[in-house]
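**Student:** Remember, the working numbering sits 9 above the position in the sequence shown when you count from 1.
The beta carbon of each residue, even a glycine, is placed where N, CA and C say it ideally should be.
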Amino acid sequence: MLLILLCSSTAVFAQVAIRGTVTDINGDPLIGVNVSIKGTTIGNITDMEGNYTMEAPNKNSVVVFSFIGFRSQEITIGNQSVINVQLIEDTQKLEEVVVVGYGTQKKVTVTGAVASVTGEELRTSPTTNLSNGMLGRMPGVIGFQRSDEPGGGATTIRIRGTNSIGNKEPLVVIDGIPDRSGGLNRINPDEIESMSVLKDAAGAIYGSRSANGVILITTKRGKEGKPIVTFNGSYGYSSPTQLPQMCNAFEYATMLNEITAGTYSDDELRKFKDGSDPWGFPNTDWYKTVIKSVSPIYRSDVGISGGTDKVKYYVNFAANGEDGIYKHSANRYDQFSIRANLDFKLSKYVSLTYGNTSRYEYTQYPAKSAGSIFSAIRRSKPTLNAYWPSGEIGPDIEYGDNPAATSTDAAGYNRQKNYYIQNNATLTIQFPWVEGLKLTASGAYDKHFYSEKNFRKPVRLYSWDGVTKSSEGLKPYNAWISDPQLNQIHRDYTDWLTNAVLSYDRTFGDHTIGLTVGVEGQSKEMDQLRAYRRYFLSTTLEEINAGSVKDQETEGFSWKETRLNYFGRVSYNYLERYLFEFVWRYDGSYRFPKDKRYGFFPGAMVAWRISEEPWWKERVTFMDYLKLRASVSQTGNDVLTDNDGNTDRSIQYLNSFGFQGSGVIFDGNEERQLYPIRTPNKNITWERGTTWDIGAEMKFLNNRLSIEGDLFYHKRTDMLIPRNASLPETAGITLPLENLGEMENKGFDALISWNDKIGEVEYELGLNMSYARNKILFWDETPGIPEYQKSTGKPVPTSGTLANLIDRAGLYYKTDGVFNTQEELDNYPHWAGAQVGDLKFVDYNRDGKINADDRVRSDKNQTPRLVTGFNVGLNWNHFDLTMLFQAAFGAETYVQTWSGTVGNFLKEYYDQRWTPENSTSEHPRTYERERQYWISNANDYFLRSSDYLRLKNMEIGYTIPTDMRRYGISKIRIFANGQNLFTIDGLPGDPENTRSSFDYYPQRKYFNCGISATF
C-alpha cells in the first residue's frame, strides 16, 4: 500500500503546469489555436487574448501548437513554465489543398480549372437545401432556384452553362463515391469540409459521367487532440420573395365589361369596389387567403471530434425542418441525420477510414401538387368567395376545386419518407520498401428506402342560395373528387462500389513525379411496388386494405445498372514551376452493345508558374504570383434521355416493350398485353464532349489582390437525336434516336478577390463571374424549314428536351406594337378577326399575310448567359459580417396567364392596357384567353427580360469575448442571417423561375437567428 501511495504521489508531483501566449508574426493574438501534448488526449484552445494554460505529464512532454493557415510548432517543455509562441503563416496552407479526382493537390500545383468553397462559407445559408446555398460562390457554377417547396425545390446546377441537348447534370461525388442517393441537396453544410468543382480536363478521370462537370464534396474528419464539442442552432422564418400582383374585384369586373359589354352594371361595380355586399360582391385576394405571411424554420446540430495519433473521430447529430407557406401547415419537411467519420492508424504503414451517414427525411404535401394549387390560386377570380362572411369555406371555383380547401389537409395528404444508410471504408497500405508507393482499396454500400402515401378525399364546400346572408343560406356538398382514394409506393434502392488504386509519388531532387492507376466497379438497382384503391367506407380509414377491390391497381418494376472502369493519372513537375498532368479513364457501361460498351476518355493539362522563374523574381516586383494553364480533354455522357428529356434506363440497343392495360381476351379472361415501344438502335454509343481551356492565376500587392480567369470552348458530338429529315411526319413510324447531334458552348469564368486590413478592420471583397453561350451545330432539320426557324445556330432550349425541338417550340411571332386605329389595321397584314387594340404581328417573310411561316426562333432562352456573385466579408472587434450578392443577365421568360372568363389578370395588364382613352399604348387591349389570336399564338410581346440582382445571403455575428473556459466553453458566437433578402428585377414573379403562368411553388426569403458554441 505504501509503495502504491508513493508511486501515486510521484506521478502527481511529476506533472508540469505551463502557460503562455500564441501570436502571429505581427504580435496579434491568435484565437482558437489548438495546444496539445503530443501522443495524448491532453489539450486546450487559446482564448480571446491568445492565452492558454495546461498541465503536462512531465518536463519531457512535447507541446504541439497547430492552427489553420499557420505552420505547426513542437516544443519540448524542459524547465520552462511559460512558453510563448509566434506562429508563422504557411503560404501553402493559406492556399490550402483542393480535392481533385481520386486525390488532393496543393493549389499551386493544380493544372486544371478547379473552383472551391469551404464548408464555413456554405454554412451561412439558412435553407435546408445545400444546392441553394452554393449559388453565386464559385466561378463557372451556374444555378437557379426554380422552386422552393419544402422537401423538394432542388436547384438546377449547370457547370459552365448548357453542354447538351440531353442530360445536363454534373456528376456529384461525395467522399469519393460518385452519384450517391440523395445527391447534394440534403447534406448538412455544417458537416462539409470543402467543395470542389472540376470544370475542364481535371474531371476527365471520371470519364463517361464528367462531360457536364464534376462536384466533389469532402465531409469533416477528426483531428488529433482533446475532444471538441460544437453546437449550432438557429430558428427563424420564411416568406415568399415575390407573389404576382393580381387585379382586385373591381378591376377584374371592369376588364370583363371591356370583353363583353354589360357583364356588370355600374351598381355592381360599385359594390365590388366599396365592399358593401361581401356575400354577393366579394373582393378576394386569393394569394393572401391561401398563403400565410411567415413560416417557421429551424436548424441544429451537435458535433464531437478529436482523437490521438492512433484513432481520430468526427460525429455529428443534426436536425432541421421547415413549415410550408400554406395556411394550416399542410406542407412540412423534417430531417434527422447522424454522420460518423472514423480514422484508424493500424500500424506505421496501414490505415483505415470508415464513414457512415444515416438520414431520415419526412415530407408532407397537400394531396394536390404545388403546380395545381398555384394554378388554381392564380386562376381564381376575385369576384368569388374563398370563405363566406359567416366563416364557412366557399364554393368550388373551377372543376370542383377551391384552393383555400385543397391546399390544406382537408383534401387529404401526400406523405413521403426517405431513409438513407450510407457506408464507405478505405484501407491504405504504404510499402516501406518502395518510398512513395501505396495501395488504396475502397468500398461503399448504400441503401435508400422511399415510401409515399397519397390519400385524397372529397372536400366539404358550401354553396349559397343567393338570398339569405347568413349560415342558413349555405348548403354543404362534397367536391373535388367523389370518393376517397389511396395510392401507395415503396421503392428500395441499393448501390455498391468498390475500387482499388495504386499510386506512386516521389520527389527526386528538383523533379516530382506521380503515377496513379485504378479499377472501379459500381452497381445500382431499384425495385418499386405500387398499390391503389378507392371507394373507402370512411375518410378516417387510410389503409390500403380498407378500400374496395373494385378498380384496384397493383404494379411493380425494377431496374439495374452496372459499370466497370479503369483510370489513371500521370503527373510531373520541375521545382513546382513546370507542371504536366495526364488523366484517363476507360469506361464500360451496360447501356451500349458489347462492341461499343467501352470508351476511352483522356485529358492533358500543363501549367507554368512564371513567378517561380529566377529572372521573374529579380525583375518583376508588381506581381507576386503568376501561373498560366492550358488543358484539353474528351469526356463522355452515358445518361440517355427520351424525347421528353427524362432519364431513359431502358436498353436502347434492344427491342423495348411496354404493358398495355387490358383489351385482350385469353381463355375467357381479359389480360394485359405487351406492345413494342421503340425500334432498337444497334449502333448507339457514347455522347462525347471535347473541352479546350486556357487560364491564368495572378496575385498582386503582397498577395492582397488575386485574379483568376479561364477561357473555354466545349464541343459536344454524338448527341442522341431523331432523323427528322429522313422520314415524313405522316409515315407512322418512329425511328430510334441516333448519335447525330452536335453543339458548342463557349465562354469565360473569372474570380477577383481583395483581402486587406485597415486598422482593426479586416475585410475581403470578391467578384466571380461566368459567361457561357451555346448553339446547336447540327440538328437533322426537316426539309423546307426557313433558315430563320431552324434550330441549327440557336441555343439549346432551357428544358433541353427533344420534344421541344421536334415540336418546333421556341418559335415566336415578332410584334410591332398594337393597332391603334382602324386605318392602321386595314392597311397592314393581320390575323383574321383582328381588332383595334390588338397586337400587330410582323409579316416577317413579307408575303402579305400572317401565318406560321412568320414565326422566328429566339436567340435567347431561360438560362442567363452571364451570372455573377459578389461577396463582402468584414471582421472588427469580435463582430463579423458576410454578404453575397448574385446577379444574372441575358435570359428571358415568357410571362402569360390564362385570363378573362377563365381566370384573373395580372395587375400590370390592367394598368397598361389599351383603351379608347389610352389609344397610344404599346400594350394590347383587354383580352379573353380563349379568343384572341395573339394569346393562343406565342409572340415576343410576352417575352420579358429576367435579369436580376439579388442579395442572396447575409450574416452578421458577434463572438462573445468573455473567458468562459471555467464553464467548459471555449467560444460562443451569436448570429443572424438571411437569404433572398431583396431582389431588383422587372418581373411580376421571381426571376429565377421559368414557369410563364406562375403555377409553381414560389421562392422564399429567410430570416434566422442562432448561436454556435465550442466546448
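Using DSSP with H/G/I as helix, E/B as strand and the rest coil, what is residue 393?
**Tutor:** Residue 393 falls in the coil class under three-state DSSP.
**Student:** Quick check on residue 837: does DSSP put it in helix, strand or coil?
**Tutor:** Residue 837: coil per DSSP, three-state reduction.
**Student:** Secondary structure at residue 457, three-state DSSP: helix, strand or coil?
**Tutor:** Three-state DSSP puts residue 457 in a strand.
**Student:** Does DSSP classify residue 101 as helix, strand or coil?
**Tutor:** Confidence in residue 101 is poor, its pLDDT being 47 and thus under 50, which makes the residue's placement unreliable; the coordinate value appears in the next sentence. Residue state, collapsed to three classes: helix.
**Student:** Consult DSSP for residue 809 and reduce its assignment to one of helix, strand or coil.
**Tutor:** Any reading at residue 809 needs caution, since the residue's pLDDT is 48, under 50, leaving its predicted position unreliable; the model's value is listed next. Coil, per DSSP.
**Student:** Can you tell me the Cβ-Cβ gap for residue 592 and residue 210, rounded? I've got them flagged as a contact below 8 Å.
**Tutor:** Yes, residue 592 and residue 210 are in contact; Cβ-Cβ is about 7 Å, under 8 Å.
**Student:** Does residue 251 come out as helix, strand or coil in the three-state DSSP assignment?
**Tutor:** Here residue 251 sits in coil by DSSP.
**Student:** DSSP three-state label for residue 560, please.
**Tutor:** Note: residue 560 maps to strand in three-state DSSP.
**Student:** Going by other Cβ atoms of all chains shown within 10 Å of its Cβ, with 16 needed for buried, is residue 174 buried or exposed?
**Tutor:** By the 10 Å Cβ count, residue 174 comes out buried.
**Student:** Thinking C-beta only, is residue 169 closer than 8 Å to residue 646?
**Tutor:** Contact flag unset, no.
**Student:** For the segment 121–141 against the segment 191–206, are there 3 or more C-beta pairs whose distance is under 8 Å?
**Tutor:** Result yes; three or more Cβ-Cβ pairs closer than 8 Å.
**Student:** What number of angstroms, rounded off, separates the C-alpha of residue 446 from the C-alpha of residue 1002?
**Tutor:** Taking the straight line from one Cα to the other gives about 51 Å.
**Student:** Who does residue 500 pair with in a DSSP beta bridge?
**Tutor:** Bridge partners of residue 500: 459, 537.
**Student:** Does residue 442 come out as helix, strand or coil in the three-state DSSP assignment?
**Tutor:** Three-state result, residue 442: coil.
**Student:** Between residue 990 and residue 272, what straight-line distance do the alpha-carbon atoms span, to the nearest angstrom?
**Tutor:** About 43 Å.
**Student:** Apart from the five residues on each side of it in sequence, which residues of its chain come closer than 6 Å, Cβ to Cβ, to residue 426?
**Tutor:** Within the same chain, residue 426 has close Cβ partners 371, 460.
**Student:** Could you tell me the alpha carbon to alpha carbon distance between residue 613 and residue 457, rounded to whole angstroms?
**Tutor:** For residue 613 and residue 457, the distance between alpha carbons rounds to 37 Å.
**Student:** Can you tell which of 46, 985, 394, 883 has the C-alpha that lies nearest to the C-alpha of residue 775?
**Tutor:** The shortest Cα separation from residue 775 among 46, 985, 394, 883 belongs to 883.
**Student:** From residue 43 to residue 321, what distance separates their C-alpha atoms?
**Tutor:** The straight-line gap from Cα to Cα measures roughly 15 Å.
**Student:** Quick one: any contact between the segment 486–494 and the segment 540–559, if contact means 3 or more CB pairs under 8 Å?
**Tutor:** Yes, since at least three Cβ pairs between the segment 486–494 and the segment 540–559 fall closer than 8 Å, the two stretches touch.
**Student:** Which runs of the beta strand (DSSP E), 3 residues or longer, sit entirely within the segment 162–229?
**Tutor:** Runs of the beta strand (DSSP E) inside the segment 162–229: 165–168, 180–183, 201–207, 223–228.
**Student:** Could you please give me the residues that DSSP links to residue 1018 through a beta bridge?
**Tutor:** BP columns for residue 1018 point to 244, 985.
**Student:** Return the bridge partner residues of residue 38 from the DSSP annotation.
**Tutor:** Its beta-bridge partners are 32.
**Student:** Closest by CA to residue 421, which one among 390, 327, 488?
**Tutor:** It is 488 whose Cα lies nearest to the Cα of residue 421.
**Student:** Do you know how far the Cα of residue 407 is from the Cα of residue 1006?
**Tutor:** Each residue's alpha carbon lies about 17 Å from the other.
**Student:** Could you give the uninterrupted runs of the beta strand (DSSP E) lying entirely in the segment 847–873, keeping only those of 3 residues or more?
**Tutor:** Counting only runs of 3 or more, we get 848–850, 864–866.
**Student:** By the three-class DSSP mapping on this structure, what secondary structure does residue 265 have?
**Tutor:** Note: residue 265 maps to helix in three-state DSSP.
**Student:** When DSSP labels each residue in this structure, what does residue 695 get in the three-state scheme?
**Tutor:** Note: residue 695 maps to coil in three-state DSSP.
**Student:** Using DSSP with H/G/I as helix, E/B as strand and the rest coil, what is residue 356?
**Tutor:** Note: residue 356 maps to coil in three-state DSSP.
**Student:** So, for residue 700: in the same chain, excluding its five sequence neighbours on each side, which residues have a beta-carbon less than 6 Å away from its beta-carbon?
**Tutor:** Cβ neighbours of residue 700 beyond the five flanking positions: 209, 642, 723.
**Student:** Which word fits residue 443, buried or exposed, when buried means at least 16 other C-beta atoms lie within 10 angstroms of its C-beta?
**Tutor:** Exposed.
**Student:** Cutting at 7 Å between CB atoms, please list the residues of its own chain near residue 515, excluding the five before and the five after it.
**Tutor:** Contacts found: 444, 445, 522.
**Student:** Whole angstroms is fine: what's the gap from residue 1021's alpha carbon to residue 981's?
**Tutor:** Cα to Cα, residue 1021 sits roughly 6 Å from residue 981.
**Student:** Around the C-beta of residue 1077, are 16 or more other C-beta atoms found within 10 angstroms, so that it is buried, or is it exposed?
**Tutor:** The requested residue 1077 does not occur in the structure, where the chain is confined to residues 10 to 1024.
**Student:** In whole angstroms, what is the alpha-carbon distance linking residue 21 and residue 62?
**Tutor:** Per-residue confidence for residue 21 stands at a pLDDT of 41, beneath the threshold of 50, marking its modelled position as unreliable; no derived number is given.
**Student:** For the candidate residues 821, 799, 853, 924, whose alpha-carbon lies nearest to that of residue 845?
**Tutor:** The option with the nearest alpha carbon to residue 845 is 924.
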